[in-house]
Amino acid sequence: MAPLLLEWGVPLTAVQVLGALFMSALTIALASMERVRAKFAQGIKTLEQENPLAFIAPDVSKFRHSYQLTLPKCGVVMPVKGVHGQSYANWRAQITSLYGGQLEFFFCVESEDDPAFPHIQRLQRENPEFRIHLCVAGRSWHCSQKIHNQLHGFELAMHSCHYVIVIDDDIQLHPGTIRAWVEEMETDATALLASGYAFEYVAKDVTSWTPYLWMLWRLCASTGFNHTVDRPTNCWGGALMYRASELQANVYGIIDAWRDGGYSEDFISLSLARLHRRTIAVPKAALFPSEVGDTPFFRFWNFVCRQVYVLTQTYATGAQRFIAIGGAFVNGFMHASIFLGAVATATFALYIAYGLGRIALVRDASLRDVCDERCLAPACGAAFYCFGLVVFALAAKQCLTTFARLCNVLSPELPPIDVSHVKLSHLMIAYMIYAPIVPAATLTTLTSSSILWSGVRFTARAGRVISMHRMNEQGEWFTVPREKSLETAFRAITKRQVEHDPLLRSLAQ
200 MAPLLLEWGV
210 PLTAVQVLGA
220 LFMSALTIAL
230 ASMERVRAKF
240 AQGIKTLEQE
250 NPLAFIAPDV
260 SKFRHSYQLT
270 LPKCGVVMPV
280 KGVHGQSYAN
290 WRAQITSLYG
300 GQLEFFFCVE
310 SEDDPAFPHI
320 QRLQRENPEF
330 RIHLCVAGRS
340 WHCSQKIHNQ
350 LHGFELAMHS
360 CHYVIVIDDD
370 IQLHPGTIRA
380 WVEEMETDAT
390 ALLASGYAFE
400 YVAKDVTSWT
410 PYLWMLWRLC
420 ASTGFNHTVD
430 RPTNCWGGAL
440 MYRASELQAN
450 VYGIIDAWRD
460 GGYSEDFISL
470 SLARLHRRTI
480 AVPKAALFPS
490 EVGDTPFFRF
500 WNFVCRQVYV
510 LTQTYATGAQ
520 RFIAIGGAFV
530 NGFMHASIFL
540 GAVATATFAL
550 YIAYGLGRIA
560 LVRDASLRDV
570 CDERCLAPAC
580 GAAFYCFGLV
590 VFALAAKQCL
600 TTFARLCNVL
610 SPELPPIDVS
620 HVKLSHLMIA
630 YMIYAPIVPA
640 ATLTTLTSSS
650 ILWSGVRFTA
660 RAGRVISMHR
670 MNEQGEWFTV
680 PREKSLETAF
690 RAITKRQVEH
700 DPLLRSLAQ
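Numbers in my numbering are just positions in the sequence shown, counted from 1, shifted up by 199.
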């Protein structure tokens, strides 16, 4: 009687081929992105012979004092929560940007009890030559705390600056990043915002697979930022630039969308950009490196679930919801197919190993008893799948190497980034672990309207956050009605406007 495995040879092969095809698509996307960035990095290195500061601006004439006087003033808003070992060094690097124009910095915390508060005060004391503001935004119950903090900074920055930048406090800007953003926004009136994307790479001393999973997530997601003219339809919440005039005008209701139930400022921004046919500028120089050390698996799992939650549960437009859910489904189905292809290939390999062992141990057994012509299709499928996995790992490694080289070119004053310790075998194994996590997180998130983020449980409905729960000292969840929180926020905004506007202050008196 024919073995059951061979009876299922055709569907087994189909699963293997489908998984291999999806990996091939990812490989092509990675290779395309790598090629463009390698050419860009080489172009900067070539220009350095004539312009040693080409990593800031390729045109040497833009370093003239007369030109730098024309550079618009930018306000840098950094929503801050807590500190880590590199926080102060990162902040010091942010304020010493080589932009050339005027910069003003707004560090926004939830309360004075935040561990970051005294460290930012120290930054102010030790760097009096820079304009550094420390803002206390208060607690939010109507939108994510990050959005609430950055809106507090926006209110101050957009009245004194031409452009407003919001960046995560732990990212590392290159010396020429802000200038690259400004040039993109100055030359393209259709751009609603400028952004960048993260390059996360594993540290040399990691002892778990979780950092590799994190690196693969960012690497796969970065393919969505590859565009022939640097105008992708995606943006990254870790680094965004807006025109202050458009924020003041609350263009397309973007401020309202953030404040009233906003969860993800970047997803709201790209939703409105798509709806109103505006572009998003993502220059190749806006690539921000971050080393990933050992982290608990639960933290990565929560991160993936939050990413899916943003895609499927929060949105600013109905059209964006349709696009996002479709994208989440495709991503989940693709990685489910890749995982099932791995299972099918491993199952077939185990069957062949069992058969060969049986031939070696049983005198009358022959190869014909183990495998016949029906083995051909799954064998070819297994070979195709393994080939696809190896090529994907090669493309991923080359992409990581090019990203590292580009970051080294853009920040030559820093210790060079080295990813030579990332092995192909580790990439292949990690991707096989990563593949089932994506569909599992997608299914888990779709079955719930709530998500936990930084100790806060968010509940969304119709694309907006309708409630936020925090845990008190007794371990009990509690909340404040969204309407009450919004009223408090508007009162605080009115009070600040009166304090900063002489006319309103005189009328109030």
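Note that the Cβ used here is the ideal one computed from N, Cα and C, for glycine as well.
If you count every other CB in all the chains shown that lies within 10 Å of the CB of Val209, and 16 or more means buried, which is it?
Locating residue 209 in the sequence shown gives position 10, where the first residue counts as 1. The residue in question, Val209, is exposed, as its Cβ has fewer than 16 Cβ neighbours within 10 Å.
Taking 8 Å as the limit between beta carbons, can you name the residues of its chain near Asn425, skipping five residues before and five after?
Translated into positions along the sequence shown, residue 425 becomes position 226. The answer, listed in chain order, is Ala228, Ser231, Met232, Val235, Pro431.
Please say whether Ala438 and Ile366 have beta carbons closer to each other than 7 Å?
Taking the sequence shown and counting its residues from 1, one reaches residue 366 at position 167. Taking the sequence shown and counting its residues from 1, one reaches residue 438 at position 239. A distance below 7 Å separates the beta carbons of Ile366 and Ala438.
With a CB to CB cut of under 6 Å and the five nearest residues on each side skipped, what residues in its chain are close to Glu382?
Translated into the one-based positions of the sequence shown, residue 382 becomes position 183. The answer is none, since no qualifying residue turns up.
Between Ser296, Ala253, Gln241, Ala595, which lies nearest to Met414 when the distance is taken from Cα to Cα?
Counted from its first residue, the sequence shown places residue 414 at position 215. Cα-wise, what sits closest to Met414 is Ala595.
Apply the 10 Å Cβ neighbour rule to Ser421 and answer buried if 16 or more other Cβ atoms are within range, or exposed otherwise.
For the purposes of this step, residue 421 is taken as residue 222 along the sequence shown, with counting starting at 1. By the neighbour-count rule (16 or more Cβ atoms within 10 Å), Ser421 is buried.
Note down, in chain order, each residue of its chain lying with its Cβ closer than 7 Å to the Cβ of Trp290, except the 5 sequence neighbours on either side.
Numbered from its first residue, the sequence shown carries residue 290 at position 91. Closer than 7 Å at Cβ, skipping near neighbours: Leu322, Asp368.
For Leu333, I'd like the list of residues in its chain whose CB is within less than 8 Å of its CB, leaving aside the five on either flank, ordered along the chain.
The sequence position of residue 333 within the sequence shown is 134, counting from 1. Once the five neighbours on either side are set aside, the close Cβ partners of Leu333 are Phe306, Val308, Phe316, Ile319, Gln320, Gln323.
With distances taken Cα to Cα, identify the nearest neighbour of Tyr508 among Leu651, Ile454, Leu685.
In the sequence shown, counting from the first residue as 1, residue 508 sits at position 309. The candidate whose alpha carbon is nearest that of Tyr508 is Leu651.
What's the C-alpha gap between Ile616 and Lys261?
Residue numbering aside, residue 616 sits at position 417 when the sequence shown is read from its first letter. Residue numbering aside, residue 261 sits at position 62 when the sequence shown is read from its first letter. Approximately 28 Å between the Cα atoms of the pair.
Given Thr644, which residues of its chain have a CB within under 6 Å of its CB, disregarding the five upstream and five downstream residues?
Counted from its first residue, the sequence shown places residue 644 at position 445. Excluding sequence neighbours, Thr644 sits near Cys504, Val507, Tyr508.
Kindly indicate the opening and closing residues of the alpha helix (DSSP H) around Trp380.
Residue numbering aside, residue 380 sits at position 181 when the sequence shown is read from its first letter. Trp380 -> alpha helix (DSSP H) spans 376-386.
Going by the beta-carbon positions, is the gap between Gly662 and Tyr451 smaller than 7 Å?
Here residue 662 refers to the residue found at position 463 of the sequence shown. Here residue 451 refers to the residue found at position 252 of the sequence shown. Contact flag unset, no.
What are the start and end residues of the alpha helix (DSSP H) that includes Ile665?
Translated into the one-based positions of the sequence shown, residue 665 becomes position 466. Unbroken run through Ile665 is the beta strand (DSSP E), 663-670; no alpha helix (DSSP H).
If you draw a straight line from the C-alpha of His373 to the C-alpha of Pro257, how long is it?
In the sequence shown, the residue the question calls residue 373 occupies position 174. In the sequence shown, the residue the question calls residue 257 occupies position 58. In a straight line, the C-alpha of His373 is about 14 Å away from that of Pro257.
Over the uninterrupted alpha helix (DSSP H) stretch that includes Pro638, give me the two end residues.
Position 439 of the sequence shown, counted from the first residue, corresponds to residue 638. Note, Pro638: alpha helix (DSSP H), 623-645.
In the DSSP assignment, what residue or residues form a beta bridge with Pro257?
Position 58 of the sequence shown, counted from the start, is the residue given in the question as residue 257. DSSP output for Pro257 lists no bridge partner at all.
For Ala390 and Cys606, I'd like the C-alpha separation in whole angstroms.
As a working note, residue 390 is residue 191 in the sequence shown. As a working note, residue 606 is residue 407 in the sequence shown. Approximately 25 Å between the Cα atoms of the pair.
Report the option in Gly517, Gly436, Ser394, Asp455 whose CA atom is closest to the CA atom of Leu474.
Taking the sequence shown and counting its residues from 1, one reaches residue 474 at position 275. Of Gly517, Gly436, Ser394, Asp455, the residue nearest in Cα terms is Gly517.
In chain order, which continuous runs of the alpha helix (DSSP H) of length 4 or greater are located wholly inside the stretch 282-366?
286-294, 315-325, 344-356
Please report the residue range of the beta strand (DSSP E) in which Glu490 lies.
Against the sequence shown, residue 490 aligns to sequence position 291. Counting along the chain, the beta strand (DSSP E) containing Glu490 begins and ends at 486-491.
If you follow the alpha helix (DSSP H) that Ala390 is part of, which residue opens it and which one closes it?
To locate residue 390, count along the sequence shown from 1; it is residue 191. Taken as a continuous stretch (DSSP letters only), Ala390 belongs to no alpha helix (DSSP H), being part of the beta strand (DSSP E) at 390-394.
Beta strand (DSSP E) containing Cys273: first to last residue?
Here residue 273 refers to the residue found at position 74 when the sequence shown is read from its first residue. Here the beta strand (DSSP E) through Cys273 covers 273-278.
With distance defined between alpha-carbon atoms, name the residue in Phe487, Pro611, Arg330 nearest to Pro251.
Locating residue 251 in the sequence shown gives position 52, counting from the first residue. When only C-alpha atoms are compared, the closest one is Pro611.
Check whether the Cβ atoms of Gly423 and Glu464 sit closer than 7 Å, and answer yes or no.
Here residue 423 is taken as the residue at index 224 of the sequence shown, counted from 1. Here residue 464 is taken as the residue at index 265 of the sequence shown, counted from 1. No, these two residues do not count as a Cβ contact at 7 Å.
From Lys593 to Pro635, what does the alpha carbon distance come to, in whole angstroms?
Numbered from 1 along the sequence shown, position 394 holds the residue referred to as residue 593. Numbered from 1 along the sequence shown, position 436 holds the residue referred to as residue 635. Here residue 593 turns out to be Leu, not Lys, going by the sequence shown. Rounded to the nearest angstrom, the two C-alpha atoms are 21 Å apart.
Considering only the beta carbon of each residue, do Val275 and Phe304 sit closer than 7 Å?
One-based indexing of the sequence shown puts residue 275 at position 76. One-based indexing of the sequence shown puts residue 304 at position 105. A contact, by the Cβ cut-off of 7 Å.
When burial is assigned at 16 or more other CB atoms within 10 Å of the CB, is Trp676 buried or exposed?
Counting from 1 along the sequence shown, the entry for residue 676 is found at position 477. Exposed, because fewer than 16 other Cβ atoms sit within 10 Å of the Cβ of Trp676.
Does the beta-carbon of Pro680 have 16 or more other beta-carbons within 10 angstroms, so that it is buried, or is it exposed?
On the sequence shown, position 481 is the one that residue 680 refers to. Label assigned to Pro680: exposed.
May I ask you to report which of helix, strand or coil DSSP gives Leu372?
The count along the sequence shown starts at 1 and reaches residue 372 at position 173. If DSSP states are grouped into helix, strand and coil, Leu372 belongs with coil.
At 3 residues or longer, and completely inside the stretch 476-537: list those beta strand (DSSP E) runs for me, N to C.
478-480, 486-491
Buried or exposed: Arg263, going by 16 or more other Cβ atoms within 10 Å of its Cβ?
Walking along the sequence shown from the start, residue 263 turns up at place 64. So Arg263 counts as exposed.
Below 7 Å between beta carbons: does that hold for Ala480 and Cys360?
Within the sequence shown, residue 480 is the residue found at index 281, counting from 1. Within the sequence shown, residue 360 is the residue found at index 161, counting from 1. No, they are not a contact pair.
Starting from the C-beta of Thr511, find all residues in its chain whose C-beta is less than 7 Å away, skip the five residues before and the five after it, and write them out in chain order.
One-based indexing of the sequence shown puts residue 511 at position 312. Counting only Cβ-Cβ distances below 7 Å, and skipping sequence neighbours, we find Ala523, Ile524, Ala527, Thr644, Leu645.
Do you know offhand how far Thr409's Cα is from Ala691's?
Reading the sequence shown from its first residue, position 210 is the one you call residue 409. Reading the sequence shown from its first residue, position 492 is the one you call residue 691. In this structure, the CA atom of Thr409 is about 42 Å from the CA atom of Ala691.
Keeping to the same chain, check which residues put their C-beta closer than 6 Å to that of Trp380; ignore five residues upstream and five downstream.
One-based indexing of the sequence shown puts residue 380 at position 181. Same-chain partners within the cutoff: Ala393, Met440.
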